[in-house]
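In the working numbering, the protein residues as written are 5 to 168. Built from N, CA and C at the ideal position, the CB exists for glycine as well. Written below as structure tokens is the structure these notes are about.
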């Protein structure tokens with residue numbers, strides 16, 4: 005099975021990390037400038053990557069839902085393909101974030117993205133999300149080490165600086 009997997013250890017207690025991945029206030033620190041999240045099965049998990057507003061539908065995960073969650077352990081949600089890949093735009097994939105306490109002030113995050121099909125557009129989407137999740141986990145660590153992302157001047161991992 006084709007999958008994207010990212011692992012990182014952050015300097016934050018597990019309860020804080022879970023809150024940050026599962027709330028609109030938390031995701032603004034590292035994931036996206038705008039979001040609508042309802043932490044319930046089939047609740048909204050919508051993020052907008054447009055700095056101007058949530059409503060602009062440019063680069064957003066509108067319509068995506070929470071699939072399952074275990075507080076302080078796991079969050080799973082649907083995910084869309086990039087908007088420029090119109091032939092597979094409405095095809096959903098799935099992301100699961102697992103949390104594991106390393107110490108009372110450190111948490112291991114494992115992000116797994118699955119649901120990939122065959123074809124050129126699917127390969128392009130997969131490659132896009134390999135880079136995308138590199139950025140997200142980098143920003144996640146950054147928000148605990150240095151503070152929330154400034155969405156007017158967002159940070160990128162060194163290996164992607166100038167590419168994105």
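Checklist entry - Should residue 85 be labelled buried (16 or more other beta-carbon atoms within 10 Å of its own) or exposed? => result As a first step, residue 85 is located in the chain shown; it is residue number 81 there, counting from the start. Classification of residue 85: buried, given that the 10 Å Cβ count is 16 or more.
Checklist entry - Along the chain, where does the alpha helix (DSSP H) that runs through residue 111 open and close? => result The residue given as residue 111 occupies position 107 in the chain shown. Per DSSP, residue 111 belongs to no alpha helix (DSSP H); it is in the beta strand (DSSP E), 110 to 118.
Item to check | 8 Å contact criterion, which residue 43 and residue 65 should meet: CB distance rounded | outcome: For this step, residue 43 is matched to residue 39 along the chain shown. For this step, residue 65 is matched to residue 61 along the chain shown. Between residue 65 and residue 43 the Cβ distance is about 16 Å, and since that is not below 8 Å, they are no contact.
Next on the checklist: Excluding the 5 residues flanking residue 143 on each side, which residues of the same chain have their C-beta closer than 6 Å to its C-beta?
Outcome noted: If you number the chain shown from 1, residue 143 lands on position 139. So the qualifying residues of the chain are 34, 153.
Item to check | Test item: CB-CB of residue 81 and residue 49 under 9 Å | outcome: Reading the chain shown from its first residue, position 77 is the one you call residue 81. Reading the chain shown from its first residue, position 45 is the one you call residue 49. In contact: residue 81 and residue 49 (Cβ atoms closer than 9 Å).
Next on the checklist: I need the boundaries of the alpha helix (DSSP H) containing residue 155, first residue and last residue.
Outcome noted: The residue given as residue 155 occupies position 151 in the chain shown. Here residue 155 belongs to no alpha helix (DSSP H), and DSSP marks it neither H nor E.
Item to check | Per-residue DSSP class, three states only, for residue 139 | outcome: For the purposes of this step, residue 139 is taken as the residue at position 135 of the chain shown. Three-state result, residue 139: helix.
Next on the checklist: Taking the alpha-carbon of residue 38 as reference, which of 46, 45, 27, 47 has the nearest alpha-carbon?
Outcome noted: Stepping through the chain shown from its first residue, residue 38 is reached at position 34. Nearest of 46, 45, 27, 47 to residue 38, Cα basis: 27.
Checklist entry - In three-state DSSP terms, what is residue 97? => result Position 93 of the chain shown, counting from 1, holds the residue named residue 97. Three-state DSSP puts residue 97 in a strand.
Item to check | Neighbourhood of residue 128 by C-beta, 7 Å cutoff - its chain only, sequence neighbours within 5 removed | outcome: Locating residue 128 in the chain shown gives position 124, where the first residue counts as 1. The answer, listed in chain order, is 89.
Checklist entry - For residue 14, which residues does DSSP report across the bridge? => result Position 10 of the chain shown, counted from the first residue, corresponds to residue 14. DSSP, once it has assigned bridges, lists 111 as partnering residue 14.
Checklist entry - Nearest-angstrom Cα distance between residue 40 and residue 157? => result Taking the first residue of the chain shown as 1, we reach residue 40 at position 36. Taking the first residue of the chain shown as 1, we reach residue 157 at position 153. Between residue 40 and residue 157, the C-alpha separation is close to 22 Å.
Checklist entry - Going by DSSP, which residues form a beta bridge with residue 25? => result Locating residue 25 in the chain shown gives position 21, counting from the first residue. In DSSP, residue 25 forms no bridge with anything.
Item to check | Opening and closing residue of the beta strand (DSSP E) in which residue 72 lies | outcome: If you number the chain shown from 1, residue 72 lands on position 68. That run of the beta strand (DSSP E) goes 70 to 74.
Checklist entry - CB residue 135 to CB residue 164, shorter than 9 Å? => result Counted from its first residue, the chain shown places residue 135 at position 131. Counted from its first residue, the chain shown places residue 164 at position 160. Result yes, Cβ atoms of residue 135 and residue 164 sit closer than 9 Å.
Checklist entry - With burial defined as no fewer than 16 other Cβ atoms inside 10 Å of the residue's Cβ, what is the status of residue 111: buried or exposed? => result One-based indexing of the chain shown puts residue 111 at position 107. That one is buried.
Item to check | residue 149 in three-state terms, based on DSSP | outcome: Translated into positions along the chain shown, residue 149 becomes position 145. Residue state, collapsed to three classes: helix.
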